[in-house]
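Asker: I'd like to ask you about the structure that follows.
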Amino acid sequence: MLRAFTGLFVSEGTSDLPLADLVESLFIDRGVVVRLSKPDFAPLGGVAKDVRSRLEAGMRLLHAPVDLLVVHRDSDNAGYDTRRTEVEKATRSLGVFSSLVPAIPVRMTEAWLLLDE
Numbered sequence: 109m110l111r112a113f114t115g116l117f118v119s120e121g122t123s124d125l126p127l128a129d130l131v132e133s134l135f136i137d138r139g140v141v142v143r144l145s146k147p148d149f150a151p152l153g154g155v156a157k158d159v160r161s162r163l164e165a166g167m168r169l170l171h172a173p174v175d176l177l178v179v180h181r182d183s184d185n186a187g188y189d190t191r192r193t194e195v196e197k198a199t200r201s202l203g204v205f206s207s208l209v210p211a212i213p214v215r216m217t218e219a220w221l222l223l224d225e
């Protein structure tokens, strides 16, 4: 039996949550079972949209460490490298030792991906 890894999916907004299922599918296609939690931040009374705040809130809601962090952040006008650095810096600032997968779609690919994987 394959070990199922635990993970936390953090996105910019609720419209990005379907990406978590796609990420799980990509892992499964490669023989790795990952169960990503997609936290609802509403019970916390609102969480800032920056990566660090969302990671911190997500981990607080889970009450347990995870094997994998998947952080969705649009590249927007900043570009891929800037967003990747932002995600890595936020993760390091929290002292998190989970593996990190930055999910940073470039302009216009995200909508296409959600419609036709």
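Its first residue numbered 109, the sequence shown is counted upward by one per residue in this note's numbering.
Beta carbons are placed, not taken as given, at the ideal position from N, Cα and C, and that holds for glycine.
1. Could you tell me if ASP124 is buried or exposed, where buried requires 16 or more neighbouring beta carbons within 10 angstroms of its beta carbon?
2. According to the Cβ coordinates, are LEU177 and GLY115 closer than 8 Å?
3. With respect to 7 Å, is the separation between the Cβ of PHE117 and the closest non-hydrogen atom of the ligand FMN below this value?
4. Count the other CB atoms, across all protein chains shown, that sit within 10 Å of the CB of HIS180; report buried if there are 16 or more and exposed otherwise.
5. Give me the Cα-Cα distance between GLU120 and PRO213, rounded to the nearest whole angstrom.
6. Taking only runs that begin and end inside the stretch 145-207, name each unbroken beta strand (DSSP E) of 3 or more residues, in chain order.
7. What are the start and end residues of the alpha helix (DSSP H) that includes VAL131?
8. Could you tell me if VAL142 is buried or exposed, where buried requires 16 or more neighbouring beta carbons within 10 angstroms of its beta carbon?
9. Verify whether the separation of the beta carbon atoms of ARG160 and LEU127 is less than 8 Å.
Answerer: Checking against the coordinates, here is how it stands:
1. Around the Cβ of ASP124, a 10 Å sphere holds 16 or more other Cβ atoms; the residue is buried.
2. Taking 8 Å as the Cβ cut-off, LEU177 and GLY115 qualify as a contacting pair.
3. In terms of ligand content, the structure shown is empty, and the ligand FMN therefore cannot be addressed.
4. buried
5. 12 Å
6. 176-180
7. 126-137
8. buried
9. Between ARG160 and LEU127, the C-beta gap is not smaller than 8 Å, which leaves the two residues out of contact.
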